[in-house]
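*Asks:*
Chains as they are written, first to last, in UniProt numbering: chain A, 1 to 133; chain B, 1 to 133.
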C-alpha cells in the first residue's frame, strides 16, 4: 500500500459511501482532536486551494466552508492521508470553537463503561451568540 | 444537543451507514492520531467490556479486535463521543505500530497543495515480520 515519496496521491473518494470520506480536524498546536466531518472531492480541492477547511454537509447536502457563519474558521497547516487513502487528517489552526455547542472540540463528552457521561471541557463561546443572532 | 453530565449516552449507531460509525484512535500520551476504523454497536460494547479497541472490518465483514494477529493491541484509556454522537474518539495506549504498513500511525503521508507526497515518519516494524509469517 505504501507509495514512493515523490508520487502524486490523492484521497480515493471512490472508497467512500456517496463519494464522501471522513476528515478529522486536529489542533496543529496541542494535538486535540477537534471534530470529524466529511469531504467529497470538491471540498478537498477547495480546502487545498483556499487553505481553509471545507467540508460537505450531509444534512444540508452542500459544500460548507467551516466558519463561514460563525467566523470559526480552520486554517489548514497540513493535510495527511492514511495508508489506504480513505481518511483525511487536517492539522489546523482553529479560530474560536470548532463545536456548534460552543466547546473548542466536539469531543467534549467522555463515556465510562457504564455509559455515564462526563463533560471534559469548558464552554468557550455562547452558541446562541454565534449561531442565532 | 448538549446532554446533562449525569445522563446516560451512547453513540447513535442509527446515524451511521450500515450502522457503522467512524472511530478515531488517538495516542493518549502524545496526542498523535493513529488511525480511523469503524464500529458497530457490538464492536463498541466489546471495546468497553474488554478495554481493548475492537472495530468492525468492512473488508472482512466481521468484528476485529485490533492486534489479535499482530499483537499490536490498543488499550483504551478513555472513550469520547462528539456532539451529535456519531463519531467515537478512543484515547489509547498503542502497542507496536497501529499501521499495517509498519508505521506507528496510519497517517504517515503528508500531501502538499500540488498533491506531492511526503512521508512524515519512520517505519517502526517490518510489516512482513508481523503479517506474513
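Using N, Cα and C, we set each Cβ at its ideal position, and we do this for glycine too.
Under the rule that 16 or more other beta-carbon atoms within 10 Å means buried, what is residue 101 of chain B, buried or exposed?
*Replies:* In the second chain, the residue the question calls residue 101 of chain B occupies position 101. By the neighbour-count rule (16 or more Cβ atoms within 10 Å), residue 101 of chain B is buried.
*Asks:* Can you tell me the Cβ-Cβ gap for residue 105 of chain B and residue 95 of chain B, rounded? I've got them flagged as a contact below 8 Å.
*Replies:* Taking the second chain and counting its residues from 1, the one referred to as residue 105 of chain B is at position 105. Taking the second chain and counting its residues from 1, the one referred to as residue 95 of chain B is at position 95. Not confirmed; about 14 Å, so no contact.
*Asks:* Going by the beta-carbon positions, is the gap between residue 127 of chain B and residue 87 of chain B smaller than 8 Å?
*Replies:* In the second chain, the residue the question calls residue 127 of chain B occupies position 127. In the second chain, the residue the question calls residue 87 of chain B occupies position 87. Not a contact, by the Cβ cut-off of 8 Å.
*Asks:* Residue 11 of chain B to residue 81 of chain B, Cα distance in whole Å?
*Replies:* As a position in the second chain, residue 11 of chain B is number 11, starting the count at 1. As a position in the second chain, residue 81 of chain B is number 81, starting the count at 1. So the two alpha carbons sit approximately 7 Å from each other.
*Asks:* Going by CA-CA distance only, name the one from A:112, A:27, A:39, A:123 that's closest to residue 92 of chain A.
*Replies:* Position 92 of the first chain holds residue 92 of chain A. Its Cα nearest to that of residue 92 of chain A, the residue A:27 stands out among A:112, A:27, A:39, A:123.
*Asks:* Measuring alpha carbon to alpha carbon, tell me which of A:13, A:110, A:77 ends up nearest residue 29 of chain A.
*Replies:* Indexing the first chain from 1 puts residue 29 of chain A at position 29. The option with the nearest alpha carbon to residue 29 of chain A is A:77.
*Asks:* Using a C-beta to C-beta distance shorter than 9 Å, which residues of chain A count as neighbours of residue 79 of chain B?
*Replies:* Along the second chain, read from residue 1 onward, the residue named residue 79 of chain B stands at position 79. The contacting residues are 110, 111, 112, 113.
*Asks:* Under the assumption that residue 54 of chain A contacts residue 63 of chain A (Cβ atoms under 8 Å), give the Cβ distance between them as a whole number of angstroms.
*Replies:* Numbered from its first residue, the first chain carries residue 54 of chain A at position 54. Numbered from its first residue, the first chain carries residue 63 of chain A at position 63. Contact check for residue 54 of chain A and residue 63 of chain A: beta-carbon distance about 6 Å, within the 8 Å limit, so the pair qualifies.
*Asks:* Any idea what DSSP makes of residue 7 of chain B, helix, strand or coil?
*Replies:* On the second chain, residue 7 of chain B is found 7 positions in, with the first residue counted as 1. In this prediction, residue 7 of chain B scores a pLDDT of 44, lower than 50, which makes its location untrustworthy; the coordinate-derived value is nonetheless stated afterwards. Correct three-state label for residue 7 of chain B: coil.
*Asks:* Closer than 7 Å to a non-hydrogen atom of the ligand PLP - does that hold for the CB of residue 82 of chain B?
*Replies:* Looking at this structure, you won't find the ligand PLP or any other ligand, since it has none at all.
*Asks:* Could you name the residues of the same chain whose beta carbon sits closer than 6 Å to that of residue 18 of chain B, not counting the 5 residues immediately before and after it, in chain order?
*Replies:* Along the second chain, one-based indexing puts residue 18 of chain B at 18. There are no such residues.
*Asks:* Report the three-state DSSP secondary structure of residue 107 of chain A (helix, strand or coil).
*Replies:* By one-based count along the first chain, residue 107 of chain A stands at place 107. DSSP, read as helix, strand or coil, puts residue 107 of chain A in coil.
*Asks:* Using DSSP with H/G/I as helix, E/B as strand and the rest coil, what is residue 84 of chain A?
*Replies:* One-based indexing of the first chain puts residue 84 of chain A at position 84. Coil at residue 84 of chain A, not helix or strand.
*Asks:* What residue does the beta strand (DSSP E) around residue 23 of chain B start on, and which one ends it?
*Replies:* As a position in the second chain, residue 23 of chain B is number 23, starting the count at 1. From DSSP, the beta strand (DSSP E) with residue 23 of chain B extends over 21 to 27.
*Asks:* Who does residue 91 of chain B pair with in a DSSP beta bridge?
*Replies:* Residue 91 of chain B sits at position 91 when you count from the first residue of the second chain. According to DSSP, residue 91 of chain B bridges with B:26, B:78.
*Asks:* Of all the options A:25, A:75, A:15, A:74, which has the alpha carbon lying nearest to the alpha carbon of residue 107 of chain B?
*Replies:* Here residue 107 of chain B refers to the residue found at position 107 when the second chain is read from its first residue. That would be A:25, whose Cα lies nearest to the Cα of residue 107 of chain B.
*Asks:* Using CA atoms only, rank isn't needed, just tell me which of A:15, A:65, A:56 is closest to residue 75 of chain A.
*Replies:* If you number the first chain from 1, residue 75 of chain A lands on position 75. The shortest Cα separation from residue 75 of chain A among A:15, A:65, A:56 belongs to A:65.
*Asks:* How about residue 128 of chain A: is its C-beta nearer than 8 Å to some C-beta of chain B?
*Replies:* Your numbering for residue 128 of chain A matches position 128 in the first chain. It does not; no Cβ of chain B falls within 8 Å.
*Asks:* Verify the CB distance criterion: does residue 13 of chain B have a CB-CB separation below 8 Å to chain A?
*Replies:* On the second chain, position 13 is the one that residue 13 of chain B refers to. At a cut-off of 8 Å between beta-carbon atoms, residue 13 of chain B makes no contact with chain A.
*Asks:* Given a limit of 7 Å on CB to CB distance, which residues of the stretch 81 to 95 of chain B reach chain A?
*Replies:* Of all residues in the stretch 81 to 95 of chain B, 81, 82, 83, 87, 89 have a Cβ within less than 7 Å of some Cβ in chain A.
*Asks:* Can you tell me which of the three DSSP states residue 69 of chain B falls into?
*Replies:* Translated into positions along the second chain, residue 69 of chain B becomes position 69. DSSP places residue 69 of chain B in coil when its eight states are reduced to three.
*Asks:* Using only CA atoms, which one of B:73, B:69, B:110, B:39 lies nearest to residue 121 of chain B?
*Replies:* In the second chain, the residue the question calls residue 121 of chain B occupies position 121. It is B:110 whose Cα lies nearest to the Cα of residue 121 of chain B.
*Asks:* Compile a chain-ordered list of the residues in the stretch 62 to 76 of chain A whose CB is closer than 7 Å to at least one CB of chain B.
*Replies:* none
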